[in-house]
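Below: the structure, in structure tokens.
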Amino acid sequence: MNERVEVRKTYKLFVGGAFPRSESGRTYEVLDFEGDFLANAAKASRKDGRDAVLAARKSFGAWSAATAYNRGQVLYRIAEVMEGRRDQFIADIASAEGVVGLDAPRIVDAAIDRWVWYAGWADKVAQVLGTTNPVAGPYFNFSIPEPTGVVVAVAPQASSLLGLVSVIAPIIVTGNACVVIASTERPLPAITLTEVLATSDVIGGVINVLTGDPAEIMPWLASHADVNALDLTGITDPALATELEIAAADTVKRVRRAAPDEDWHEPATLSRIRGFVETKTVWHPLGV
Amino acid sequence: MTVTFPAALAGATTSAASLRQFLHGLPGVDEVGAAARAASLGTRSVKAASKSWAIDLAIRMVDLTTLEGMDSPGKVRAMCAKALRPDPTDPSAPPVAAVCVYGDLVAAARSVVGDSVHVAAVATAFPSGRASLAVKLLDTRDAVAAGADEIDMVIDRGAFLSGEYQRVFDEIVAVKEVCGGAHLKVILETGELRTLDNVRRASWLAMLAGADFIKTSTGKVVPAATPPVALVMLEAVRDFEALTGRLIGVKAAGGIRTSKDAIKYLVIVNETVGDRWLTPDLFRFGASTLLNDLLQQRQRMASGHYSGPDYVTID
Amino acid sequence: MTFEYAPAPESRAVVDIASSYGLFINGEFTSPVDGGSFKTVNPATEEVLSEIAIAGQADVDAAVSAARRAHSQAWGLMAGRDRAKYLFRIARLIQERSRELAVLETLDNGKPIRESRDVDLPLVAAHFFYYAGWADKLEHAGLGSNPRSIGVAAQVIPWNFPLLMLAWKIAPALAAGNTVVLKPAETTSLTALAFADICQQADLPPGVVNIITGAGDTGRMLVEHPGVDKVAFTGSTEVGKSIQRAVAGTNKRLTLELGGKAANIVFDDAPIDEAVEGIVNGIFFNQGHVCCAGSRLLIQESVAEEVLDSLKRRLGTLRLGDPLDKNTDIGAINSAEQLARITELVESGEQEGAERWSPECTLPDRGYWFAPTIFTSVTQAHRIAREEIFGPVLSVLTFRTPDEAIEKANNTPFGLSAGIWTEKGSRILWMANRLRAGVVWANTFNRFDPTSPFGGYKESGFGREGGIPGLAAYLQTDDEGQNS
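Protein chains in written order, with this note's numbering: chain A, 1 to 288; chain B, 289 to 603; chain C, 604 to 1087.
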């Protein structure tokens, strides 16, 4: 019997809503948990990182100016489209993470549910984190959370889908734009997610997904002056984490520290949202 | 009577529409900011020789006032005697700037003060201003004929607040005309105008119509003069001079009872329009009880101990 | 005779400055182990006020250990309501001693007594009152479950508002249950040491507050100390960056309140007279030694001339001189070093072609002084439009449209504060929305309140002081990750 020769895939990056190859032309082999070949992924270079930051910055204006209601709709739409591709994600997870039985569906469902959870936050964050401040004088004074800007995140290495979603969603829900480096060895769930993002309502550039080696790309992004914050969650090498934190100081970036062992099945909290918002306080006199 | 203005203001009074446009084109006043500025000037500390000088200046700026239904020639004559010689125990105490009375008591006042202090009459259906223009003009003519050399008129606040700026303007022009040589003080009654934007507009309206002085209040409405109101009026006077070269006086009337308050006003004058306005010709206090406090302060500074109410006269 | 404000100096008799001060560690004044000291001077006269101890490594170790012990054995275990009572006690003592503290602040810092008396001290007391009330209500702050202290906080503060910055640091830290080691700025240690005395007076348990004095080295030893759990710094962006580098790779939490280059934007429909006051208050308050100073004035072209004329006229009434005189508006520059920096930047402004103007102003012979200065014809490219001068120097630029105002205002690595002057409500909100700055003052400037969060975007730092965000900077909860 002739077995069908499968079409082998070489995946690309997801930058500015498009799927470019790495400008370097490099790819690397992605293996499954048993070490068998799965696909080729683009190996992003520092210039791809720079392009992704540019795309993120370009989208930031429109995304942060969108109504909170609209942003919530967009996040919820991602969950809807993921739901439609549930089987593909389950297969991706099973081959990437080696999870068996009901674990793979459980992970995918948790990832979809996480989008839904964060989608609902879009129009509530300002009410929960914002305040009106009773200053001792004839002024009306209020504080509101605003997105920090462009956030570069390193997704968890092990939890290639749930961890990834848990990192991206809280960054973008408040209006930030994000460049995320997917799990190096398990990038396929992230790549499938980019296909979801491309067919949902996310403005191009709000989420940019790079595949490759954080150790190669991150030093450039940590020192990039047009990046406002770093999420180092997926950095596993403490020396690299320290080096990146030091580089971040050049432009006083906000940094969320490495947390390679975070349990992504735990319920999410506001903590990640808080990490990437600024508090803006506005004063105005009260007079006639 | 026509007032001629430089180009910057020439168009302002040609029609009701242009007048409205001009007044509404003035910069707004932020109430909290103006109050903060006035309060900060109130923390200036004036000491020793300057304080003595300021107290005497304040005395010389007082329009000693009685505006009661029970006023009589006898009461007015007593007040006038005090106006001439505020402190009978100290001849160095200067006379006040003017006495301010109702029109029917101008003759009684003039008979006492002669030419030594001015006699100001409130006119134009003071304090409400609710009478026909003919009555207001007659009221003014009577006072001038009786010897008043200053007329304190009230504007029609109802007309101002309903946006009939031209009517208010025309009334001031008409009153000014019958004043003849008498100086015209235009009372804005800022307590009824409520907002500092209105105070600024009314100040300009009065100046454009020919006021020699703009005055805060009748003293019959609370709040009367306040430091922020005086500040805004002085700013208007300052800006009017910059455009026209004309120096308009300001009278703060009502609610100023202590020397400390009076000095705060003088500081606001000094820092807003400069020391050229620190003269009775350009700044006045409309007051009755203020004078006695100024005199007690004066006695304290001369004697080195605190004075008491029995050491100043009640007239 | 003209209307002169005769000198009205506040009496120095209310303060009692010792000839030398030790370090305040574990509730007691102690001599530094290595015995070093430096002189602190009155910047208005260059008179030496006192000798201040220099804390070395052994002293920093002792202070951090004392704070650790106090945290684990007393303050960290104490019921919130009792912490509250200590903080209320401190707030009251500050009110009671406010005249003394105001005079001391003015002597050591050079700021006008009018400001230390009417602005700094009332805000210092208010800050302690505000956070005192939070101490037993942490779970109501909405910051996550099981809110609790972080541990030992290392706090380094600047010289521009010495006691106020101390209050901003210590009040929320103590309310949340932390203990602190605070280092005041080298040139302004005296009110922090007076605060140590207040801690003793309040019977605050030993080690809860430790005050160590010294220069940059002492500060560095403190923030790098491994026994510290939280670092809070207010000061220059340059030092802030070095601190951020120093805490990299540790578990120390960090908040930074750094420099600024705020735009104060005046539209043609602004309340001009109040805007002029706001401009003056924005840049000449505290000699411009204010991180949120409105140092870039952006005026709409259609009113530029009118606003500048008013501004110049107003500057003519500013009174520069003896900071202890109640009528003084502009006091002394805090140090010779700062004066040199201001002078250097102002010279660069002239060299780069901006036009310099100052009102007629006689500077005292002794002490460090700089006349209020305005630069016109400034462009975004000038150094004086980009670098923080931290002095009484205003750079004036113009704009034509609201978009251009936003672009120019945001075109800086800083993002601490901004001002908007317009009578149009919708424009205020439109502008406030787009300004990338942590504090936006609309039709006012340089207002502060303990309930109002303060802090910057971008290189102006991260974290907030004041309000609930100010409390968050000193708490950990079960919901948190590892934000630095």
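Idealized CB from N, CA, C, for every residue including glycine.
Residue-chain proximity (residue i, chain A), Cβ-Cβ < 7 Å
i	result
B/T483	yes
C/D872	no
C/W1024	no
B/D318	yes
C/S1020	no
C/R1067	yes
C/S668	no
C/E1062	yes
C/K844	yes
Own chain, CB closer than 7 Å to residue i, minus 5 neighbours either side, in chain order
i	result
C/L741	G683, P750, A779 and L1078
A/E243	P219
A/V288	none
B/G435	V394, A395, R398 and V407
C/A735	A687, L690, F691, A694 and A778
Own chain partners of residue i with C-beta closer than 8 Å, once the 5 adjacent residues on each side are dropped
i	result
C/A805	Y689, R692, I693 and L696
B/L307	A300, T301, Y453, Q454, F457, L493 and L496
C/D723	A705, E708, K714, F764, L766 and L767
A/P214	V154, I181, T184, G234, I235 and L240
A/N40	R8, K9, T10, Y11, T27, Y28, E29 and V30
Residue i classed as buried or exposed, judged by whether at least 16 other C-beta atoms fall within 10 angstroms
i	result
C/Q983	exposed
C/N854	exposed
C/T709	buried
A/I181	buried
C/H892	buried
B/M289	For B/M289, the predicted model reports a pLDDT of 46, less than 50, meaning its position is unreliable; a value from the coordinates is still stated below. Exposed: under 16 other Cβ atoms inside 10 Å.
B/A433	exposed
A/N208	buried
C/G863	buried
B/I602	exposed
B/M349	buried
Chain C contact for residue i (CB, 7 Å cutoff)
i	result
B/V350	no
A/S166	no
B/R586	no
A/P147	no
A/I246	yes
B/G321	yes
B/A604	Because chain B here runs from 289 to 603, residue 604 of chain B falls outside it and cannot be looked at.
B/A558	Ala is not the amino acid found at residue 558 of chain B; the sequence shown has Asn there. True, the Cβ-Cβ gap to chain C drops below 7 Å.
7 Å Cβ cutoff, residue i in contact with chain B
i	result
C/T1091	No answer is possible for residue 1091 of chain C: it lies beyond the span of chain C, which begins at 604 and ends at 1087.
C/N1046	yes
C/K929	yes
A/P134	no
A/P219	no
A/G17	no
A/V173	no
Chain-order list of residues whose beta-carbon lies under 6 Å from that of residue i (same chain, five-residue window excluded)
i	result
A/F19	K12
C/L966	W972
Contact test: residue i Cβ vs the ligand GTP heavy atom, cutoff 6 Å
i	result
A/T184	What this structure holds is no ligand at all, so the ligand GTP is not there to describe.
>> Extract the residue ranges of the alpha helix (DSSP H) inside the region 885–956 of chain C, only unbroken runs of 4 or more that lie entirely within it.
In response: 907–918 and 939–954
> Which runs of the alpha helix (DSSP H) fall wholly inside the region 963–1049 of chain C and span at least 4 residues, in chain order?
Replying inline: 986–989, 1005–1013 and 1028–1037
> Unbroken beta strand (DSSP E) runs of length 3 or more, entirely within the region 713–799 of chain C: which are they?
Replying inline: If we require 3 residues or more, the beta strand (DSSP E) runs fully inside the region 713–799 of chain C come out as 755–759 and 782–786.
> Are three or more beta carbon pairs between the region 969–989 of chain C and the region 1020–1031 of chain C nearer than 8 Å?
Replying inline: no
>> Across the region 924–931 of chain C and the region 948–960 of chain C, are there enough close Cβ pairs to call them in contact, namely three or more that are closer than 8 Å?
In response: no
> What residue ranges within the region 632–688 of chain C form continuous beta strand (DSSP E) runs of no fewer than 3 residues, ordered along the chain?
Replying inline: 640–645 and 650–656
>> Closer than 8 Å is the cut-off here; do at least three beta carbon pairs connect the region 172–181 of chain A with the region 197–212 of chain A?
In response: yes
>> Any contact between the region 190–198 of chain A and the region 112–124 of chain A? By contact I mean 3 or more CB pairs, one from each, below 8 Å.
In response: no
> Are three or more beta carbon pairs between the region 593–602 of chain B and the region 542–556 of chain B nearer than 8 Å?
Replying inline: no
> Between the region 578–592 of chain B and the region 896–909 of chain C, do three or more beta carbon pairs fall short of 8 Å?
Replying inline: no
> Which ranges would you report for the alpha helix (DSSP H) in the region 816–890 of chain C if only whole runs of at least 4 residues count?
Replying inline: 819–827, 840–850 and 875–887
>> Check whether the region 657–677 of chain C and the region 808–822 of chain C touch, using three or more Cβ-Cβ pairs below 8 Å as the test.
In response: yes
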